[in-house]
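Below is one structure, written out as structure tokens, with a few remarks after it.
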Amino acid sequence: MSERILDIQNLSVTFGGLHALKDLNFHVDEGEIVGVIGPNGAGKTTFFNMISGMVTPTSGDILFEGQSLIGLDPNEVTRRGIARTFQNVRLFANMTIAENVMVSQHCRSKAGIWSTLFNTAAFRKEEREIREHAEKVLGFFGTRLIGYRLEQPASVLSYANRRRLEIARAMATKPRLLLLDEPVAGMNPMESAELTDLIGKLRSEWGFTIVMIEHDMNVVRDVSDRVVCLDHGETLAQGSFEEVSSNPEVIEAYLGRPLEKKA
Amino acid sequence: MSDITTQVDDTIDTIEELTRGAFDLNWNRVLRFGNLLGLALVFIALSGMPVGLDEREIVDGVISLGYLALLTFPPILGWTVGKEIVLEGMSATKRGARDVVAGAFVGALGGLWMSILVLLVDNFNLRDPLVNWSPALLTLMTFSRSTGFGLVSWIILPGVLGAAGASLHLLTPRLRRAVMAMVLTVISVSIFQSLIDDLVGGIGESIADPGRLSEFFGEGDTPRPRVDSVFDGLIDFIYAQRGGLTVAGAIALALVAGALSLAGRGRIAKAKASYNAKTGPERTRQTAIMIAVSTVLLIVLPFFTGRITQDLLANVGIFLLLALGLNIVVGLAGILDLGYVAFFAVGSYSIAILTVTDPPKSWPDWLPTLDGQFGWLLALLITVVIAGVVGLFIGAPVIRMRGDYLAIVTLGFGEIIRILLLSDWLGGYFNAAQGITNIPGADFGPLGEAKGINPRSIFYLVLVFAAISIYVSWRLEHSRLGRAWMAVREDESVAEAMGINTVNVKLMAFVVGAVLASFAGAVVSAKVGSVFPTSFLILVSIIILVVVIVGGMGNILGVLAGSFVLIGVLGGPRQPGLLAEFSEYKLLIYGALLVWMMLQRPEGLIPNVRRSRELHQDEFLQDAWLKGEVDPDDDHEGPATEVAPA
Numbered sequence: 083m084s085e086r087i088l089d090i091q092n093l094s095v096t097f098g099g100l101h102a103l104k105d106l107n108f109h110v111d112e113g114e115i116v117g118v119i120g121p122n123g124a125g126k127t128t129f130f131n132m133i134s135g136m137v138t139p140t141s142g143d144i145l146f147e148g149q150s151l152i153g154l155d156p157n158e159v160t161r162r163g164i165a166r167t168f169q170n171v172r173l174f175a176n177m178t179i180a181e182n183v184m185v186s187q188h189c190r191s192k193a194g195i196w197s198t199l200f201n202t203a204a205f206r207k208e209e210r211e212i213r214e215h216a217e218k219v220l221g222f223f224g225t226r227l228i229g230y231r232l233e234q235p236a237s238v239l240s241y242a243n244r245r246r247l248e249i250a251r252a253m254a255t256k257p258r259l260l261l262l263d264e265p266v267a268g269m270n271p272m273e274s275a276e277l278t279d280l281i282g283k284l285r286s287e288w289g290f291t292i293v294m295i296e297h298d299m300n301v302v303r304d305v306s307d308r309v310v311c312l313d314h315g316e317t318l319a320q321g322s323f324e325e326v327s328s329n330p331e332v333i334e335a336y337l338g339r340p341l342e343k344k345a
Numbered sequence: 310m311s312d313i314t315t316q317v318d319d320t321i322d323t324i325e326e327l328t329r330g331a332f333d334l335n336w337n338r339v340l341r342f343g344n345l346l347g348l349a350l351v352f353i354a355l356s357g358m359p360v361g362l363d364e365r366e367i368v369d370g371v372i373s374l375g376y377l378a379l380l381t382f383p384p385i386l387g388w389t390v391g392k393e394i395v396l397e398g399m400s401a402t403k404r405g406a407r408d409v410v411a412g413a414f415v416g417a418l419g420g421l422w423m424s425i426l427v428l429l430v431d432n433f434n435l436r437d438p439l440v441n442w443s444p445a446l447l448t449l450m451t452f453s454r455s456t457g458f459g460l461v462s463w464i465i466l467p468g469v470l471g472a473a474g475a476s477l478h479l480l481t482p483r484l485r486r487a488v489m490a491m492v493l494t495v496i497s498v499s500i501f502q503s504l505i506d507d508l509v510g511g512i513g514e515s516i517a518d519p520g521r522l523s524e525f526f527g528e529g530d531t532p533r534p535r536v537d538s539v540f541d542g543l544i545d546f547i548y549a550q551r552g553g554l555t556v557a558g559a560i561a562l563a564l565v566a567g568a569l570s571l572a573g574r575g576r577i578a579k580a581k582a583s584y585n586a587k588t589g590p591e592r593t594r595q596t597a598i599m600i601a602v603s604t605v606l607l608i609v610l611p612f613f614t615g616r617i618t619q620d621l622l623a624n625v626g627i628f629l630l631l632a633l634g635l636n637i638v639v640g641l642a643g644i645l646d647l648g649y650v651a652f653f654a655v656g657s658y659s660i661a662i663l664t665v666t667d668p669p670k671s672w673p674d675w676l677p678t679l680d681g682q683f684g685w686l687l688a689l690l691i692t693v694v695i696a697g698v699v700g701l702f703i704g705a706p707v708i709r710m711r712g713d714y715l716a717i718v719t720l721g722f723g724e725i726i727r728i729l730l731l732s733d734w735l736g737g738y739f740n741a742a743q744g745i746t747n748i749p750g751a752d753f754g755p756l757g758e759a760k761g762i763n764p765r766s767i768f769y770l771v772l773v774f775a776a777i778s779i780y781v782s783w784r785l786e787h788s789r790l791g792r793a794w795m796a797v798r799e800d801e802s803v804a805e806a807m808g809i810n811t812v813n814v815k816l817m818a819f820v821v822g823a824v825l826a827s828f829a830g831a832v833v834s835a836k837v838g839s840v841f842p843t844s845f846l847i848l849v850s851i852i853i854l855v856v857v858i859v860g861g862m863g864n865i866l867g868v869l870a871g872s873f874v875l876i877g878v879l880g881g882p883r884q885p886g887l888l889a890e891f892s893e894y895k896l897l898i899y900g901a902l903l904v905w906m907m908l909q910r911p912e913g914l915i916p917n918v919r920r921s922r923e924l925h926q927d928e929f930l931q932d933a934w935l936k937g938e939v940d941p942d943d944d945h946e947g948p949a950t951e952v953a954p955a
């Protein structure tokens with residue numbers, strides 16, 4: 083069995099009296115693509131927020147490559163190698179497309195104030211590398227985000243391209259684990275099929291391990307090695323897509339219980 | 310015979326065409342703008358501005374600055390009432406007599422308010438609450454004639470001016486630009502009289518007596534005897550004896566400006582477009598040439614100007630330094646710092662303490678006495694370090710807050726520093742309210758000393774620091790740190806999630822801002838030779854912020870423009886500007902300008918591209934869509950129109 087890259091142990095979080103997550107146990111192996119599904123309010127995004135350090139769990143532990151992430155600031159989590167996208171696309175809308183991807187390499191570069199002011203050789207080299215990496219990452223999505231687009235503000239992009247740019251921005255942080263929050267939400271079937279394909283490539287070509295929250299079951303089926311279903315902050319089922327999707331409890335969570343016949 | 314008849318018929322047709330529907334106005338709009346004009350006129354009249362500024366002539370014997378302050382408004386509102394938004398693809402309404410009539414009505418309605426004011430001032434005495442309710446105001450409002458004359462002319466004159474403003478709509482854009490150029494040239498040449506007189510006179514004198522230039526590096530304490538400038542004739546022609554333009558001069562200027570505007574039609578715009586279209590090395594080369602030319606111009610400028618202009622430019626430069634620093638904090642990193650004056654105070658006081666020869670009275674025994682044994686440069690270095698450390702200390706608690714809370718807390722810190730300087734606890738170290746005096750100038754050893762008595766040296770001192778600050782701002786903006794600042798400004802939580810240590814990055818903005826402010830402090834200490842706690846009122850913070858906002862947040866050129874327009878023309882909190890007459894109404898004008906800017910041009914005089922995008926997002930998107938730069942859906946992978954891929 084391959085190495086566990088992410089190991090979540092007895093994770094709980096409560097907001098006031100609400101148990102957003104209850105005793106969650108979950109792990110991701112190196113090189114896996116895991117789909118997280120569940121009805122609205124199941125705690126999926128809270129789960130992501132917790133891994134990326136934006137919410138502190140009430141109890142339990144998150145181990146990334148064997149080290150705990152508890153208490154780390156989001157930027158430190160990203161530096162460790164976990165990058166994420168947001169469900170409601172949150173780009174830096176007034177920065178150009180190139181800048182959006184360049185700025186997320188912040189934690190992988192180190193030019194300080196002095197090398198910037200004196201425009202040292204090291205500074206120029208690093209800027210060049212940042213730029214090249216940005217273009218390489220954007221090139222992953224075909225010609226949509228490169229060329230004349232590079233210097234346009236992110237706000238001119240179409241919805242689907244904004245989603246792609248979000249993924250590119252996360253990729254540019256050079257992560258080992260990529261958390262995608264509903265990557266195909268709002269895309270048409272053609273676009274989502276294409277993105278499904280690209281998510282596969284993110285693993286095979288870029289070597290990312292991926293955890294993906296997704297409502298589109300076609301995408302989940304096509305790309306996930308394993309599926310976890312959450313409901314009310316608890317793991318309802320885990321396993322292959324077929325196992326989970328045929329699990330009666332999962333069906334119940336999504337569709338509700340059939341009405342009992344009146345006696 | 311029949312020819313003439315047809316011609317007459319044609320003429321009648323044309324007149325009918327023009328006047329058709331002339332009174333078919335949007336009366337609501339006319340009433341709204343007319344009353345607005347009336348309110349504005351009455352307010353300005355009662356603010357005392359017209360009476361106070363009546364001394365200053367704009368065109369000798371024709372109009373004074375006081376009347377100008379009132380009479381600018383009817384044409385502007387007359388123009389505005391006819392303004393409409395023309396949507397892409399919609400045909401605009403045809404301009405005609407209707408616009409002029411509307412303008413005339415707006416002007417006359419506004420003027421009616423003034424007529425009523427004339428009657429009221431004539432018959433009642435409300436001087437108690439309204440201090441400017443004076444006979445002088447009545448004299449001004451009746452044009453030094455009878456009340457009846459005032460009543461009538463206040464309806465006719467604004468009406469005519471309103472119609473004149475509105476009739477600009479009838480002109481072609483080219484002619485309109487020419488008319489605007491004429492009016493603005495006359496007004497600004499008159500307003501900037503002292504500057505132009507000084508500059509033209511200086512150049513003229515230098516041409517007449519080139520020997521003056523050789524003593525350039527002298528102390529300037531013994532001015533050379535005045536020689537006749539070669540331009541004296543020109544100056545005498547344009548400017549009247551008691552200030553203001555002569556009538557002939559005004560007409561000549563207007564003609565020249567109009568002719569230049571017509572001849573230079575679109576050239577500037579074309580040059581700008583061609584510069585913007587260039588990329589890569591060629592653009593860099595052009596930029597370098599422009600920077601080199603302006604540097605040379607600035608370096609030789611003091612050869613030709615008098616002390617007053619040099620002093621004025623030094624003041625502009627000092628506020629430029631402060632504004633550049635605040636621009637990094639507010640414009641780039643998006644931290645609304647309302648207590649920026651704190652760092653200015655720290656810089657001023659540090660360098661003062663470090664260089665002054667007689668220490669403050671109650672300098673504590675346990676501290677070494679600083680008998681000014683530091684050189685100025687070493688003192689500056691220590692000052693910069695102190696400012697940076699204070700930036701860290703103030704920044705650390707403040708930075709964890711966001712938005713409004715942060716603004717309030719910085720406001721507090723700005724005041725705390727000043728109050729500490731006055732307090733029993735620390736006041737003794739800093740001479741409390743007496744301040745520190747006899748601060749020596751900036752000593753550069755063999756290069757000479759920059760001190761207040763020699764404004765030229767201060768000008769160069771400011772120039773050097775401004776160059777450093779502009780360079781620092783420019784380098785940082787286009788760097789890893791600058792990008793991180795922008796990301797924090799755009800969305801702090803996402804920036805954090807993308808691996809940016811927002812606390813560090815924001816602290817860095819605070820520290821860089823503090824260091825740039827300390828430069829300004831050092832220059833001011835050398836220039837004025839004394840520092841007092843009262844020089845660091847909250848007003849200074851606000852004015853620096855206004856400079857940044859009016860100029861254009863996040864843009865170095867904008868900050869430059871803002872400093873020149875606000876500090877140079879209107880003046881700083883204590884520093885006189887070119888319009889010394891306005892100093893009493895400075896804050897009123899600042900406020901009005903700020904409100905107007907927020908309504909009409911929130912991105913500032915010279916906007917940052919990004920910021921204007923943000924504020925005009927919808928329009929921008931619409932434009933981009935029309936140009937085919939937005940993909941309506943993803944089936945189209947490229948732009949609809951030809952846009953050359955870079």
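Residue numbers (the numbering used here), protein chains in the order written: chain G, 83 to 345; chain F, 310 to 955. Quick reminder that beta carbons are idealized off the backbone N, C-alpha and C, glycines included.
- DSSP places E316 (chain G) in the uninterrupted beta strand (DSSP E) bounded by 316–321.
- If you compare the alpha carbons of F:P467, F:A632, F:Y769, F:I767 with that of A823 (chain F), the shortest gap goes to F:A632.
- For S788 (chain F), at least one C-beta of chain G is nearer than 8 Å to its own C-beta.
- Close to N810 (chain F), with beta-carbon spacing below 7 Å, are these residues of chain G in chain order: N157.
- P467 (chain F) is bridged by DSSP to nothing; it lacks a bridge partner.
- Boundaries of the alpha helix (DSSP H) harbouring K581 (chain F): 576–586, taken from the DSSP string.
- Contact between V310 (chain G) and V95 (chain G) fails: their C-beta atoms lie close to 17 Å from each other, not under 8 Å.
- For I115 (chain G), DSSP records a beta bridge to G:I292.
- Per DSSP, G142 (chain G) lies in no alpha helix (DSSP H); the unbroken beta strand (DSSP E) holding it starts and ends at 141–146.
- Excluding sequence positions up to five before and after L350 (chain F), its CB lies within less than 7 Å of the CB of L379, F382, G419, W422, M423, all in the same chain and listed in chain order.
- For V309 (chain G), there is no enclosing alpha helix (DSSP H); the enclosing beta strand (DSSP E) has its first and last residue at 308–313.
- Straight-line spacing of the CA atoms in L735 (chain F) and V655 (chain F) works out to 13 Å.
- R86 (chain G) is bridged by DSSP to G:D111.
- Looking at F:W905, F:D646, F:P764, the one whose alpha-carbon comes closest to that of I703 (chain F) is F:D646.
- Residues of the segment 768–798 of chain F with a C-beta less than 7 Å from any C-beta of chain G: V781, R784, L785, S788, R789, L790, R792, A793, M795, A796, listed in chain order.
- Here I353 (chain F) is not bridged, per DSSP, to any residue.
- When 9 Å is used as the limit between beta carbons, S802 (chain F) is near these residues of chain G: M136, P156, R172, in chain order.
- Within the segment 487–525 of chain F, the complete alpha helix (DSSP H) segments of 4 residues or longer fall at 502–517, 520–523, listed in chain order.
- Residues of the same chain with a CB within less than 6 Å of the CB of F722 (chain F), apart from the 5 flanking positions on each side, are G648, A651, I703 in chain order.
- For V368 (chain F), the enclosing beta strand (DSSP E) stretches over residues 366–368.
- Scanning chain F for C-beta atoms nearer than 9 Å to the C-beta of I179 (chain G) yields nothing, as the closest lies near 12 Å away.
- At a cut-off of 8 Å between beta-carbon atoms, E912 (chain F) makes no contact with chain G.
- Within the segment 401–413 of chain F, no residue places its CB atom closer than 7 Å to a CB of chain G.
- Taking all protein chains shown into account, F613 (chain F) has 16 or more neighbouring C-beta atoms within 10 Å of its C-beta and is therefore buried.
- Nearest CB-CB separation between A806 (chain F) and chain G: below the 8 Å threshold.
- In terms of Cα proximity to R246 (chain G), the closest of G:S141, G:F223, G:L261 is G:F223.
- Judged by DSSP secondary structure, I333 (chain G) falls within the alpha helix (DSSP H) whose first and last residues are 330–337.
- Comparing alpha-carbon positions, the option among F:R338, F:S497, F:L690, F:M358 lying closest to V874 (chain F) turns out to be F:S497.
- Rounded to whole angstroms, the Cβ separation of Y899 (chain F) and L914 (chain F) is 14 Å, and the two are not in contact under 8 Å.
- Residue contact check for R213 (chain G) against chain F: no CB pair falls below 8 Å.
- Interface flag for F168 (chain G) against chain F is set, since a Cβ pair is found closer than 8 Å.
- The C-beta distance from F653 (chain F) to F845 (chain F) rounds to 6 Å, short enough to meet the 8 Å contact threshold.
- Under the 8 Å criterion on CB atoms, C189 (chain G) is classed as interfacial with respect to chain F.
- Separation of R727 (chain F) and A696 (chain F) (C-alpha to C-alpha, rounded to the nearest whole angstrom) is 15 Å.
- Secondary structure at D105 (chain G): strand, using DSSP grouped into helix, strand and coil.
- DSSP links F753 (chain F) through a beta bridge to no other residue.
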